[in-house]
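Number 158 in numbering that gives the first Met the number 0 belongs to position 159 of the sequence shown; there are no gaps in the numbering. Note that the Cβ used here is the ideal one computed from N, Cα and C, for glycine as well. Note that the structure is predicted; figures quoted are calculated from it, not measured.
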Amino acid sequence: MVNADVERILFTEEQIRERVRELAREIRAVFDPDGVYAVGVLTGAFVFLSDLIRQLDLPVEVGFVTATSYRDGTRPGALLTSAVGELRVAGRDVLLVEDILDTGRSLEAVQARLREAGARSLRTAVLLDKAERREVDVPVDFRGFEVPNEFLVGYGLDYAGRYRGLPYVGVLRRSVYEGV
Ligand code: IMP
Ligand code: MG
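Pasting the structure below:
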């Protein structure tokens with residue numbers, strides 16, 4: 000059953016599962032067999048991260064960071080990133096995992112933070128790429144699907160905290176956020 004607020008499904012549960020499996024194969028091929036430190040960007044990436052690590056077939060440690068944009072009038076769109084608990088990435092091969100790449104600003108900030116924290120290597124996996132919206136050029140190593148410039152929900156993606164648990168990725172009806 001499709002949620003009534005979803006205009007159309009972009010990627011079904013099966014399509015996502017297959018693509019995640021392929022990404023895991025690509026990732027496994029480039030990482031050292033002693034393992035990966037997977038870092039997810041909260042909150043949206045937790046679904047993708049949890050499916051991905053179960054397909055990786057490599058020793059995996061998991062950590063999380065948050066990336067929050069704030070506007071105080073003087074620094075529009077500046078980003079605060081912080082680790083959740085301890086993030087011991089120094090000297091480790093890190094795989095940064097994000098749900099969707101939009102302007103690129105959150106990933107840019109998180110990548111900078113992980114480099115500062117002394118990651119030995121840093122690679123980035125994103126499930127969805129809204130390429131048309133990019134404002135900063137961030138390096139991405141593994142990319143699931145390119146998506147149109149529409150508001151998407153499901154498979155971890157939310158609108159106002161809702162819809163993260165939908166098993167597919169869909170386009171949210173405009174009437175939901177335009178209040179019609
Ligand atoms: P960026 O910093 O502009 O690249 O923003 C990326 C973040 O914006 C993602 O981690 C999501 O949290 C959020 N985001 C961007 N596009 C969407 C969307 O279509 N649906 C839900 N969240 C989105
Ligand atoms: Mg996010």
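With DSSP as the reference, identify every bridge partner of residue i, one or two as the case may be.
| i | result |
| --- | --- |
| Glu-97 | Val-125 |
| Val-35 | Val-59 |
| Thr-65 | Leu-41, Ser-81 |
| Ala-116 | According to DSSP, which records beta bridges pairwise, Ala-116 is partnered with nothing at all. |
For residue i, verify whether its CB is less than 6 angstroms away from any heavy atom of ligand 1.
| i | result |
| --- | --- |
| Ile-52 | no |
| Thr-102 | yes |
| Ser-120 | no |
| Phe-150 | yes |
| Ser-81 | no |
| Leu-126 | no |
| Ile-26 | no |
| Ile-15 | no |
| Gly-39 | no |
Are residue i and residue j touching if we call contact CB-CB under 7 angstroms?
| i | j | result |
| --- | --- | --- |
| Asp-50 | Val-96 | no |
| Gly-230 | Val-135 | With the chain covering only 0 through 179, there is no way to say anything about residue 230. |
| Val-109 | Val-170 | no |
| Asp-101 | Phe-30 | no |
| Tyr-154 | Val-83 | no |
| Leu-121 | Asp-98 | no |
| Glu-25 | Phe-144 | no |
| Ala-23 | Gln-54 | yes |
| Leu-48 | Val-168 | no |
What whole-angstrom Cβ distance do residue i and residue j have, given they're in contact under 8 angstroms?
| i | j | result |
| --- | --- | --- |
| Ser-81 | Val-59 | Wrong, their Cβ atoms sit about 22 angstroms apart, outside the cutoff. |
| Tyr-158 | Val-175 | 7 angstroms |
| Ala-221 | Val-88 | What the structure shows of the chain is the stretch from 0 to 179, and residue 221 is not part of that stretch, so it cannot be assessed. |
| Val-38 | Leu-113 | 7 angstroms |
For this session: Please specify which runs of the alpha helix (DSSP H), each continuous and at least 4 residues long, are wholly inside the region 146-174, giving them in chain order.
Result: none
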